[in-house]
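Numbering (the working numbering), first residue to last: 31 to 280.
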Ligand code: PGA
């Protein structure tokens with residue numbers, strides 16, 4: 031049985047006071063709930079604050095990006111060892127905003143994935159198609175390629191402790207969500223691809239959906255057999271909205 035996983039991607043939002051308030055509210059009502067694993071991904075500069083605030087909490091925290099390099103002359107970068115040092119247990123990789131705005135290639139994402147696996151930080155690999163690719167019926171192909179390159183570089187075992195987030199680019203921050211059926215079809219396809227390499231990994235890996243998830247659409251998405259949770263952007267910045275998404279899982 032796969033555990034449900036809800037990840038809040040705060041993106042470049044928040045400040046000390048807002049983070050404090052948001053986390054206080056979330057952890058107060060969440061901590062008694064064992065069913066769902068909850069992770070928040072603040073901007074890295076706030077990781078120390080979040081690590082202190084979540085010291086006795088079951089809520090975990092992750093980074094939104096990491097360097098593939100161990101250490102050294104990489105101005106502005108953060109290493110896996112630094113994240114580990116602060117108790118960070120997840121890292122988002124290959125988010126479309128990083129692929130598009132920072133021109134991250136599949137190869138760079140694979141290097142980061144490898145670095146995360148080695149540091150025992152769970153990589154959350156984000157994959158997804160553009161609207162044009164969906165309209166040209168290339169969705170499965172695009173996603174299969176985004177996953178294949180990681181399998182080639184890191185090996186299928188790299189997915190043993192990884193998460194995959196299906197995030198159609200046309201649904202991110204747009205208010206438009208993939209239908210539950212569209213999400214299910216892609217999630218099932220992802221599992222089929224992994225099953226060609228390792229049946230256990232394909233059965234056990236958490237595949238979560240992201241793209242305009244909110245309290246209203248979460249329940250129908252979570253009802254799908256292969257949707258194990260959500261990667262939530264905008265709605266993770268409001269405690270009530272985020273908690274309502276978590277509740278929708280039950
Ligand atoms: P959204 O973002 O929920 O605001 O669409 C999701 C994401 O980018 O991870």
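Glycine included, C-beta positions come from ideal geometry on N, C-alpha and C.
Because the structure is a prediction, the values reported are computed rather than measured.
Flag residue i as yes when its Cβ comes closer than 6 Å to any non-hydrogen atom of ligand 1, and as no otherwise.
{"i": "residue 241", "result": "yes"}
{"i": "residue 39", "result": "yes"}
{"i": "residue 151", "result": "no"}
{"i": "residue 237", "result": "no"}
{"i": "residue 202", "result": "yes"}
{"i": "residue 123", "result": "no"}
{"i": "residue 263", "result": "yes"}
Excluding the 5 residues flanking residue i on each side, which residues of the same chain have their C-beta closer than 8 Å to its C-beta?
{"i": "residue 273", "result": "55, 56, 59 and 60"}
{"i": "residue 214", "result": "254, 255, 256 and 257"}
{"i": "residue 170", "result": "216 and 219"}
Compute the Euclidean distance between the alpha carbons of residue i and residue j, then round it to the nearest angstrom.
{"i": "residue 235", "j": "residue 45", "result": "33 Å"}
{"i": "residue 217", "j": "residue 248", "result": "15 Å"}
{"i": "residue 31", "j": "residue 99", "result": "35 Å"}
{"i": "residue 179", "j": "residue 104", "result": "25 Å"}
{"i": "residue 160", "j": "residue 199", "result": "5 Å"}
{"i": "residue 101", "j": "residue 210", "result": "42 Å"}
{"i": "residue 70", "j": "residue 182", "result": "29 Å"}
{"i": "residue 177", "j": "residue 36", "result": "21 Å"}
{"i": "residue 245", "j": "residue 148", "result": "35 Å"}
{"i": "residue 308", "j": "residue 152", "result": "Here the chain covers residues 31 to 280 and nothing more, so residue 308 does not appear."}
{"i": "residue 126", "j": "residue 203", "result": "11 Å"}
{"i": "residue 43", "j": "residue 278", "result": "24 Å"}
{"i": "residue 150", "j": "residue 197", "result": "24 Å"}
{"i": "residue 189", "j": "residue 88", "result": "23 Å"}
{"i": "residue 165", "j": "residue 83", "result": "44 Å"}
{"i": "residue 41", "j": "residue 94", "result": "7 Å"}
{"i": "residue 275", "j": "residue 261", "result": "10 Å"}
{"i": "residue 168", "j": "residue 123", "result": "22 Å"}
{"i": "residue 137", "j": "residue 154", "result": "16 Å"}
{"i": "residue 229", "j": "residue 222", "result": "9 Å"}
{"i": "residue 251", "j": "residue 266", "result": "17 Å"}
{"i": "residue 227", "j": "residue 187", "result": "9 Å"}
{"i": "residue 72", "j": "residue 85", "result": "15 Å"}
How many whole angstroms separate the CB atoms of residue i and residue j, which I take to be in contact at a CB cut-off of 8 Å?
{"i": "residue 195", "j": "residue 156", "result": "5 Å"}
{"i": "residue 34", "j": "residue 259", "result": "5 Å"}
{"i": "residue 49", "j": "residue 91", "result": "Contact doesn't hold; Cβ gap of about 11 Å is too wide."}
{"i": "residue 173", "j": "residue 212", "result": "Actually they are not in contact, since the Cβ atoms of residue 173 and residue 212 sit about 12 Å apart, beyond 8 Å."}
{"i": "residue 119", "j": "residue 108", "result": "Actually they are not in contact, since the Cβ atoms of residue 119 and residue 108 sit about 15 Å apart, beyond 8 Å."}
{"i": "residue 3", "j": "residue 263", "result": "Outside the shown range of the chain, which is 31 to 280, sits residue 3, and nothing can be said about it."}
{"i": "residue 113", "j": "residue 121", "result": "7 Å"}
Short of 6 Å in beta carbon distance, which residues of its chain neighbour residue i, apart from the five on each side in sequence? Order them along the chain.
{"i": "residue 225", "result": "232"}
{"i": "residue 134", "result": "128"}
{"i": "residue 201", "result": "207, 208, 241 and 242"}
Starting from the C-beta of residue i, find all residues in its chain whose C-beta is less than 7 Å away, skip the five residues before and the five after it, and write them out in chain order.
{"i": "residue 269", "result": "52, 55 and 56"}
{"i": "residue 184", "result": "140, 143, 144 and 147"}
{"i": "residue 116", "result": "77, 78 and 81"}
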